[in-house]
Each structure stands twice: as C-alpha cells, then as structure tokens.
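Notes follow the structure.
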Amino acid sequence: AWKGAPLIEGEGGWSFKPRGRLMYDVGFSSAPSSTGRADGFGNEARRARLGVEGDIPGGFGYKFELDFAGGEVDATDAYLSYGDGPIEVIVGQHNNFQSLDELTSSLHSSFIERAAFTDAFGFERRVGASVTYKQGIVLAQAGLFTDNINDTSSKNRGADARLVLMPKMGDAQLHLGGSVHYNDLDDPAASVRYRQRPFVHFTSERFVNTGNLAAASETGYGLEGAVIAGPFHAAAEGFWQQVSRPGALSDPTFFGGYAEVGYFLTSGDSRGYKSGKFDRVKPANPVGKGGFGSVQVNLRYDYLDLNDAGITGGIQNAYQASLIWKPTDYVLFSLNYGKQAYDDAVYAAAGGDTSYSVDAFGARAQVDF
Amino acid sequence: AWKGAPLIEGEGGWSFKPRGRLMYDVGFSSAPSSTGRADGFGNEARRARLGVEGDIPGGFGYKFELDFAGGEVDATDAYLSYGDGPIEVIVGQHNNFQSLDELTSSLHSSFIERAAFTDAFGFERRVGASVTYKQGIVLAQAGLFTDNINDTSSKNRGADARLVLMPKMGDAQLHLGGSVHYNDLDDPAASVRYRQRPFVHFTSERFVNTGNLAAASETGYGLEGAVIAGPFHAAAEGFWQQVSRPGALSDPTFFGGYAEVGYFLTSGDSRGYKSGKFDRVKPANPVGKGGFGSVQVNLRYDYLDLNDAGITGGIQNAYQASLIWKPTDYVLFSLNYGKQAYDDAVYAAAGGDTSYSVDAFGARAQVDF
Amino acid sequence: AWKGAPLIEGEGGWSFKPRGRLMYDVGFSSAPSSTGRADGFGNEARRARLGVEGDIPGGFGYKFELDFAGGEVDATDAYLSYGDGPIEVIVGQHNNFQSLDELTSSLHSSFIERAAFTDAFGFERRVGASVTYKQGIVLAQAGLFTDNINDTSSKNRGADARLVLMPKMGDAQLHLGGSVHYNDLDDPAASVRYRQRPFVHFTSERFVNTGNLAAASETGYGLEGAVIAGPFHAAAEGFWQQVSRPGALSDPTFFGGYAEVGYFLTSGDSRGYKSGKFDRVKPANPVGKGGFGSVQVNLRYDYLDLNDAGITGGIQNAYQASLIWKPTDYVLFSLNYGKQAYDDAVYAAAGGDTSYSVDAFGARAQVDF
Numbered sequence: 001a002w003k004g005a006p007l008i009e010g011e012g013g014w015s016f017k018p019r020g021r022l023m024y025d026v027g028f029s030s031a032p033s034s035t036g037r038a039d040g041f042g043n044e045a046r047r048a049r050l051g052v053e054g055d056i057p058g059g060f061g062y063k064f065e066l067d068f069a070g071g072e073v074d075a076t077d078a079y080l081s082y083g084d085g086p087i088e089v090i091v092g093q094h095n096n097f098q099s100l101d102e103l104t105s106s107l108h109s110s111f112i113e114r115a116a117f118t119d120a121f122g123f124e125r126r127v128g129a130s131v132t133y134k135q136g137i138v139l140a141q142a143g144l145f146t147d148n149i150n151d152t153s154s155k156n157r158g159a160d161a162r163l164v165l166m167p168k169m170g171d172a173q174l175h176l177g178g179s180v181h182y183n184d185l186d187d188p189a190a191s192v193r194y195r196q197r198p199f200v201h202f203t204s205e206r207f208v209n210t211g212n213l214a215a216a217s218e219t220g221y222g223l224e225g226a227v228i229a230g231p232f233h234a235a236a237e238g239f240w241q242q243v244s245r246p247g248a249l250s251d252p253t254f255f256g257g258y259a260e261v262g263y264f265l266t267s268g269d270s271r272g273y274k275s276g277k278f279d280r281v282k283p284a285n286p287v288g289k290g291g292f293g294s295v296q297v298n299l300r301y302d303y304l305d306l307n308d309a310g311i312t313g314g315i316q317n318a319y320q321a322s323l324i325w326k327p328t329d330y331v332l333f334s335l336n337y338g339k340q341a342y343d344d345a346v347y348a349a350a351g352g353d354t355s356y357s358v359d360a361f362g363a364r365a366q367v368d369f
Numbered sequence: 001a002w003k004g005a006p007l008i009e010g011e012g013g014w015s016f017k018p019r020g021r022l023m024y025d026v027g028f029s030s031a032p033s034s035t036g037r038a039d040g041f042g043n044e045a046r047r048a049r050l051g052v053e054g055d056i057p058g059g060f061g062y063k064f065e066l067d068f069a070g071g072e073v074d075a076t077d078a079y080l081s082y083g084d085g086p087i088e089v090i091v092g093q094h095n096n097f098q099s100l101d102e103l104t105s106s107l108h109s110s111f112i113e114r115a116a117f118t119d120a121f122g123f124e125r126r127v128g129a130s131v132t133y134k135q136g137i138v139l140a141q142a143g144l145f146t147d148n149i150n151d152t153s154s155k156n157r158g159a160d161a162r163l164v165l166m167p168k169m170g171d172a173q174l175h176l177g178g179s180v181h182y183n184d185l186d187d188p189a190a191s192v193r194y195r196q197r198p199f200v201h202f203t204s205e206r207f208v209n210t211g212n213l214a215a216a217s218e219t220g221y222g223l224e225g226a227v228i229a230g231p232f233h234a235a236a237e238g239f240w241q242q243v244s245r246p247g248a249l250s251d252p253t254f255f256g257g258y259a260e261v262g263y264f265l266t267s268g269d270s271r272g273y274k275s276g277k278f279d280r281v282k283p284a285n286p287v288g289k290g291g292f293g294s295v296q297v298n299l300r301y302d303y304l305d306l307n308d309a310g311i312t313g314g315i316q317n318a319y320q321a322s323l324i325w326k327p328t329d330y331v332l333f334s335l336n337y338g339k340q341a342y343d344d345a346v347y348a349a350a351g352g353d354t355s356y357s358v359d360a361f362g363a364r365a366q367v368d369f
Numbered sequence: 001a002w003k004g005a006p007l008i009e010g011e012g013g014w015s016f017k018p019r020g021r022l023m024y025d026v027g028f029s030s031a032p033s034s035t036g037r038a039d040g041f042g043n044e045a046r047r048a049r050l051g052v053e054g055d056i057p058g059g060f061g062y063k064f065e066l067d068f069a070g071g072e073v074d075a076t077d078a079y080l081s082y083g084d085g086p087i088e089v090i091v092g093q094h095n096n097f098q099s100l101d102e103l104t105s106s107l108h109s110s111f112i113e114r115a116a117f118t119d120a121f122g123f124e125r126r127v128g129a130s131v132t133y134k135q136g137i138v139l140a141q142a143g144l145f146t147d148n149i150n151d152t153s154s155k156n157r158g159a160d161a162r163l164v165l166m167p168k169m170g171d172a173q174l175h176l177g178g179s180v181h182y183n184d185l186d187d188p189a190a191s192v193r194y195r196q197r198p199f200v201h202f203t204s205e206r207f208v209n210t211g212n213l214a215a216a217s218e219t220g221y222g223l224e225g226a227v228i229a230g231p232f233h234a235a236a237e238g239f240w241q242q243v244s245r246p247g248a249l250s251d252p253t254f255f256g257g258y259a260e261v262g263y264f265l266t267s268g269d270s271r272g273y274k275s276g277k278f279d280r281v282k283p284a285n286p287v288g289k290g291g292f293g294s295v296q297v298n299l300r301y302d303y304l305d306l307n308d309a310g311i312t313g314g315i316q317n318a319y320q321a322s323l324i325w326k327p328t329d330y331v332l333f334s335l336n337y338g339k340q341a342y343d344d345a346v347y348a349a350a351g352g353d354t355s356y357s358v359d360a361f362g363a364r365a366q367v368d369f
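Protein chains in written order, with the working numbering: chain A, 1 to 369; chain B, 1 to 369; chain C, 1 to 369.
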C-alpha cells in the first residue's frame, strides 16, 4: 500500500513506512520603520523532516521523526506505542494534548502558521507516558510529561489531559473538546517567556513578548470547537495560561484564541477529520487524473493577550486569510496574508506609539510522504 | 524477510534494511547532600538512532547509523565492508574491538549501562580499517584506527586486536577472549581524562575522575570470559589502561572490571550469542502469541580504580541489579538499581569524607527495528 | 528494481528510493615548514549522506538528502519537483547550475576534490525555484535563488542560468556549455571571501585567500567543454567571478579553470554522461562477475587566480593525478596526488617567500546506494 511512501507490511502484524515532509516559505513582513525592527523579504525551509513508523507483532509500534530545518536537528514524534482495542499507551516524545490547532499536523493546517497562542505559550512535544481511550464519539487522553527531548536536563514534570466529543450531526462532523495542563518547573532559577511573531515564521521579530518571568509552575485550560460540513468548516479555540510565580510575585493569566472559517471552491472537497484532529485533504479531482486539485479559502481572527497582573507583554489582534491549492493528496501550495494590530507592543514606533499594525505575506510550497 | 524492519532483498546479492532504536530512561540518583552535587529525578532519551544497512553484489556491504539523542547528531557504525569466506574487511567508523561488554549492542546488554570501565576509558567507535577472521570457534580481529568521526582533526593513530575462542561445552556456550590496544595521541598538547557516572546516564555528575592528564599514548589490555547455559549466564572482564605521559611524568595504569550473573525466570529463554558478542534475546513465548515474553534477573559487581602513580581519580565499587522484561523480540522494559561505594571520591562530603555511597535507580523503555 | 538501494514502485506513478553515500579520506599534505602551517597526516569522513527520493502521481516528485559529515547536519538536495514532458520545475534547495564539475555528483568525479574555483567562489546548493528544459541535444536551465538552507536569514537573492549543447559525434559524446550568475547580497554589512585548500579537504589550511571583501553583489560567467570517446575523456572549464563592491572600492574579477584528461585501463569501460553532467561509471566486468572492475587514470591542470584590482589573494597552479578503481557500480577506491604551486601565497615561507609548493596525497574509500 502507498501512503505517500510505501507502507510495507509483513505477516503477523509487521509494518514499516518511511515518512517525511518539506515546506518552503517565502514572503515579506512590513512593520513601521520607526520601530527599527528588521522586516522586508524573507524565506526559509520551515520544516524538513524525515522519519519512520512501524508496527511490531503483539500490539506494539513506534514512530520516530526528525526535523532538520534551520541547520539543527530536533526530534518531533519519537515514541514506542502499545495498542489494545480502544486503548493506546505511548512512551516517549509526543504532543501533550494541547489544542486542536496544535495537534492538527502542520501538513493539514488551514494557515501557514498556527494560532498565535500555540507558539506563545510554548506548546511543543515532550517526553512522557500517556494513555488514550477512543470509543465511538469519545476521545480521552491523559499523560505525565517532563520536557522536550532536547531539554531533559530540566526538572520539569507535568500532567496533561484532554477530552473530546466528536459526534456526527447528519453529514456534519462536530468537534467539542477541552484540555487541562499543569507543569511544575521545580527549579528556583526557572523562568517562562511568552512571545509571538507577526504570523510568518521567517521573521525573528516579536512585537508581543512578556520577557523572562520567574516561574514556579504553569497551569493551562483550553476549549475547542469545530464543525466540518461538506466544503465548509469552522473552528474556534480559547486557551488560558496561568503562571504561578515564586514568593510575593503576582500570578498572571494570559489568554489566546481564534475563530476561523474555510470553504472549498472546488466541488466534492472537504476537510479531513480523524481522532480529534483535522486530517489530510484528499482532492476529489487531483492533477494527473484530469482534475485541478482542491482550492480552499480560509479566514481567521486570532487574538493573543499577554497583559495581566502588572505584566505588559502586549496584545495582538490578527486578521488572516489563506488560499490553499492541493494539486494532489501529498502536494500543497498556499498564499497567506495577515494584518496584526498591536496594543502595548514591546517596540515603540514614532512618538512612543505602541499601537500599530504589522503586515505579513507568506507563500508556501509543501510535499510530504 | 523481517528483522524488526523489512529486509528487502534483490537478485544477485542485493539487500537493504532500515534500522533504528529508541531508548527512554527515567529514574533518580541520590548522593550525600553534603557533597553539593545535583541529584534526584532525571530522565532522557538515552539513544535515538536511525540508519540503514545493505549488501552489494560482489561481497560488498555497508552500515550507516546515526544517533540523535541529546539534540546532537553522532554517527555510530558508518562503514563499507567486504566479505569473502571467513574474512571480513571493514573501512570506516566501527568499534575497535574493546571488550565483550562494549561490543555487545546496547540493545542486548544486561544492565541499563555498561561496565564502568568502558565509558571511563573512553571506548567509542573510531574511523579505521580492520580485518576480522572467523572460522569455527575462532574469532580474530585487528585494525588500524584514528579517532571518532567527529574528532578526525586530531592526529590520533592506533592499533587494536582481539582474539576470541567460543567453544561449545555440551549445550553451554563458552566465551574466552583477550584484546590489546595502542593509541598514539601524537600531539604535545594532548590529554586524557578518565571518569564515570554513578551507573545512570541521565546524571552528569562523576564521583570518580582523573581530571585532564597530559598524555603521549594509551595502551590497553582486556580479558573476557563468559558462559551461557540455558536460562543462566555469567560474564566477567578485566581491563588495564596504561597512560604514557610526556617527559618525567609518571605513567599510571588504571583498572576496571566486572563479574555478573543472570537468570531467566521464564522457561525456554536464553541469552543470545553470536560472533563473539551477546546477541538478541528472543522470548520463547512472546506477547501476541499467548505468552508473556521473557523475564530476566541480573546481578553485577563492577569495579573501577582510577588511583595510581600519584593520581587520585577515586575508586568505585558498584553493586547492581536489573530486571528485564521483553514482551517480544524488539521491545524491552527494564528496572535497574545500583549502589556505588566510593573511596577517594573527587567530591568531599561532610567533614572531608571521600568514602560514601551514591544510589541510582533507572527504568528503561526500548524499541528497535 | 535496484539502484544501489531498492527502487520501490507503486501503481499510478508512485516511487520511493532511499539513498546515501559514505566517503572516507586519508592522506597527508606537505607545506614548507617555514610557513608555520599545520600539515602531515590527515583523515576524515568526507561525506556521510542519507536521504530519500520519490515520485508522486500527477508528475510531482521530491528529493531530500542530508550530509552528516563533520558532526554537523547539512541538507544537500531538498526539493519538490514537477515534470511535464521536456520541462522540470524545482522548488527548494538545489544546485544553481554553476559548472560541469560542480554539478557532476561527487560520486562520479574524476578527482578526490573538484576544481579549485568551485569551492573558492563559494558554489553551494541554494534555496530557489528553477525551470529546466531538456529536448534532444539542448539543456536550458534558469532559476531564482536566495541562499543555502542554513543561511536563509541573509537577504541574498540571485538569478542563474545555464545552457548546454550535448551532441554526439559518431560514438563520441560532446558537451558544450555556458552559465551566467548574479547574486545581490542586499546587506550593507555583507562580505565575500574566496579561498581554497591545497587539493585535499582534510586540511583546513588555505594558501590562497582574498580575506573578507565588503561586497554588494557577485556576477559569474562560466564556460564548459567536454568529450567522452570510449575509454577516453577530456574536460575543461573557465569561470570568471566579478565582485561589485560598495562605494569607491574597486570591483575585482577573479578567475579559475582547469583542463583534464582521463583514460580507462580496463577494456569496455567509459565515463557515464547524462543530462549535462558526468554520470556513474559502471564497470563492464565487475568483481563478483569474474572481473576486476574498472581502473581509470586522470590528469588535471587546475588554475585559480585570486589577484585583481589591488586585491592579492594569491595564485594557485595545481598539477594533479588520480587512479580510480571501481570494483563494482556502487563502490570506489581512489588514489590522488596534487602538487600546488603558489604565487603570492598568503603565508610567507622563509625569507618572505610567497612562491612555493604544497604537496597533497589523498586516498578515498567510497560506497553509495
């Protein structure tokens, strides 16, 4: 069988599949020149991944993928799994059930970048052990995690859980979810820093940024909702990130969220959905079979508030649009535009103004296997 | 054919097989708090490897594997081979025949970490060219080596040889071996440093440590013995590491060794052995075929003496136990405990005491293919 | 099918192939000791690559390869492609059509290292988008490029084009080509540095070196000619690299080129050629099929002039010879010698002499798949 790359299967439950992805971004950002920040043309290999996955007789399996973008190596999924009926146990590095937008593969997202809060609050894969229960319309996930595989010298230890209901209403797929997160930093010198780029990743400027905050622990709460109905989809999330700070320091709660809608201009196409996440779009009429592939337009309002309890990290209101062309299941091109409006931006423009906008445009070429 | 991953074979002698392994460790170490050393909870991805191996018509072959643990990339085996009857020639990075415990794959070892002397004396794969002769009960290996693939800017050049006899006595497999090693550092500024962690790798503390010693060359001698008889195995090694130091400096000889026994609690199981190394345990009754897999208990006494000729690197006497569960051939879980008793530890406890113990506990989850 | 590794093919146009190479070099260099430069024994893993390539129904494809030599990770080819008849479009990191010697795979080159100008002028793969047209004897290539995948934070943007005619004259394959290159550095702080090692790569000394030159843009022109006639081949190239410098600074033009001839001592063997590049040598009588493989001797005169417009980077005249043994299609061993004669070398020998020679000898073992 082929899933981008060959899925090699053997007797007794053996399987093996290589996997990988390449994403190239090019575009520009435009900030008020009086802020003195770098902007203009930019480009990068956003993701360059290579990995494998497989099954081992007895219910075991593994997934191990590496990202080589940026001249560094970072393990993404790197775990051993065991499945028995509705239960799956995972040990190793994987996502700690943070949010619908974070858990949806970057291959299948509706914009070039995820919602601002996902990066801002430091969502990343972590080393841990988790259990997932999936039966009918219920998905329940819980796990204990330490830190990213590159940071296991930290003493971080946390617990995460997520509950999703995914009923069908007629032909429409609904998604309702919530998650809770706790992370004990267990280090007197520990700090957190929440910040975010203006939409595109090839700039390294951040106009909202809490700076380093001494921190004892983080507690997060997320709410998720989505619907897919034929060519239409909508999704919205909210996430509250609470920081417990040592001694008499205030304990701020920051917030981020978004609401988006999308529509396929090509007939017969729909967003994929599987196991509590958006899944691959498979064009009904792909290039090579007489068609043109799928074309989808998406609009998103994205909000991030890093002001609370005496901390002024800034507020970002972003208005984003994307146009996605998938000529075939495993190839994608997209155009993305975002206007990010700031209050209390961390860089002042002329006259000390911290309320201004930053525009960003990004185009992506993507292949995976 | 399947060997964890598919072994793809073609006409005329072609073959290709992906390979990899993931090992996650979690546990803690406990040192006297008066030493001021970091201890407590720890975890890490101990090994995260991906690679390939293959055969090329005409007797040629290759193996190329990379380890991505710790956010870095290190080549492990990376070589071209040629085989003709009992002779195998290898060019590239491979092990320089250091010891039974070092040469046995980390996948098939009896404890979470190898004997203390193997890390302490800096055993690692090196770039070189070697010849192996294997016929009947005789295995003879010799090669010329420079340094690890990441350190080829050094001027190191050495020679290594190992001789193993591996007779059967009834059903019992015997292993008797010896090796000699010479490494010319060829650099007036060269130094060596021998040190070791207290059993578990996720701590970075070392309580025995010679510090940097100016060195001209290293000479090593190893003795190996082992027996496998049904569910039982025993193994013992000793290794003498001699440092030739420049000018009038003394030339110390350090020593390390261990003795271990192991026993399978599950019937029908036995430790694998192949070509002068312990090999894969294949449970007689694996999970998925109505069984529980194999369960093995192991005990080890491990000794490392870094005191000699005026150098006081410390002495470590370690008492270690492990419990290994293999539900199936390519999955392993283990629990490991070690009490490390020090004399002349390099960190003093209360009252200047350098004789104390450090406890360590480590659990591992492992998959390979 | 097998091409070193298995080429796995599926219905509808799917394909997947792993790929990789290992090259180990050992040898020495010898410079006048009065220059005070490091020389003598050296060795390294010159290339250690692993990657994949594949086809996707609809005309799409990808290639993604990583080099792990030197303890770092560098992406080499990493792109998405689309082909339709004589047209191929590539997006991602690939070679920007620099020269015959640069574009010919290091697997199939006639010497251990390419012509001096290719490294000196900083030829490397870059991120970009290009179109290649190939029909009959015509190959035309043009693209827009930024910078290497590890340097996309630079503002570099350039355009490159190459035209090749590749007619047959009787049984002889001719190659005639030319290329033009422009790269706008778009950064007031940008500089270029052109320099080159004495033939072998395991030394880090460079006896010709312009040092850092403030630069606004680079413009390059290359001419290529080659012929393959049975066991014989000849090739010659010239390349002019012009630097536009900011303000009143002079604009130097540097030059490099080479002429080489080669001959197979074994009957029936010939250099491969495909799509405007030299291609794999496939021994007529390989080891394993009763033969000895192919043996080829090559001679090269190589010239690099880094003196112009007041800049004295030095001149290198190199006389090089190689002996290449390929026991089979995917295995290669070679011996290489080069005498590099310098004028205006950047390191003075005794008495301030900057005209002297550096000898270099390098042996290589290579396998690919």
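Cβ atoms here follow ideal geometry from the backbone N, Cα and C, with glycine treated the same way.
6 Å CB neighbourhood of residue i in its chain, flanking five on each side removed
{"i": "C:Glu65", "result": "Arg49, Gly51, Thr76 and Asp77"}
{"i": "C:Phe16", "result": "Ile8 and Gly54"}
{"i": "B:Phe97", "result": "Gln141, Asp160, Arg162 and Ser179"}
{"i": "C:Val61", "result": "Val is not the amino acid found at residue 61 of chain C; the sequence shown has Gly there. The answer, listed in chain order, is Asp55 and Ser81."}
{"i": "C:Ala350", "result": "Ser34"}
Neighbourhood of residue i by C-beta, 7 Å cutoff - its chain only, sequence neighbours within 5 removed
{"i": "B:Leu163", "result": "Ala140, Gly177 and Gly178"}
{"i": "A:Asn183", "result": "Asn156, Gly158, Ser217 and Glu218"}
Terminal residues of the beta strand (DSSP E) in which residue i lies
{"i": "B:Thr76", "result": "Asp74 to Asp84"}
{"i": "A:Met333", "result": "It should be pointed out that residue 333 of chain A corresponds to Phe in this sequence rather than to Met. Segment Val331 to Asp343, the beta strand (DSSP E) holding A:Phe333."}
{"i": "A:Phe41", "result": "Gly40 to Ile56"}
{"i": "B:Thr35", "result": "From DSSP, B:Thr35 is part of no beta strand (DSSP E); its letter is neither H nor E."}
{"i": "C:Thr253", "result": "Thr253 to Phe264"}
Straight-line Cα distance separating residue j from residue i
{"i": "C:Gly220", "j": "C:Gly122", "result": "11 Å"}
{"i": "C:Tyr82", "j": "C:Glu224", "result": "27 Å"}
{"i": "B:Phe361", "j": "C:Ser29", "result": "51 Å"}
{"i": "A:Val91", "j": "B:Asp359", "result": "25 Å"}
{"i": "A:Asn156", "j": "B:Gly143", "result": "45 Å"}
{"i": "C:Val243", "j": "C:Gly222", "result": "15 Å"}
Contacts of residue i in chain A (Cβ-Cβ under 7 Å)
{"i": "C:Val127", "result": "Tyr24, Asn43 and Ala45"}
{"i": "B:Phe68", "result": "Leu66, Val73 and Ala75"}
{"i": "C:Pro57", "result": "Gly288 and Thr328"}
{"i": "B:Trp2", "result": "Gly10 and Trp14"}
Per DSSP, cross-strand counterpart(s) of residue i
{"i": "A:Ile8", "result": "A:Phe16"}
{"i": "B:Glu124", "result": "Partner(s): none; B:Glu124 has no beta bridge."}
{"i": "B:Asp308", "result": "B:Ile311"}
{"i": "C:Ala321", "result": "C:Leu299 and C:Tyr337"}
Contact list for residue i against chain B, beta-carbon separation under 9 Å
{"i": "A:Tyr182", "result": "Near A:Tyr182 there are no residues of chain B at all, since even the closest Cβ is about 16 Å away, more than 9 Å."}
Endpoints, alpha helix (DSSP H) assigned at residue i
{"i": "B:Ser100", "result": "The residue asked about is misnamed: residue 100 of chain B is Leu in this sequence, not Ser. Counting along the chain, the alpha helix (DSSP H) containing B:Leu100 begins and ends at Leu100 to Leu103."}
Under 9 Å by beta carbon: chain C residues contacting residue i
{"i": "A:Pro198", "result": "Ordered by position in chain C, no residue passes the 9 Å Cβ test against A:Pro198, which lies about 16 Å from the chain."}
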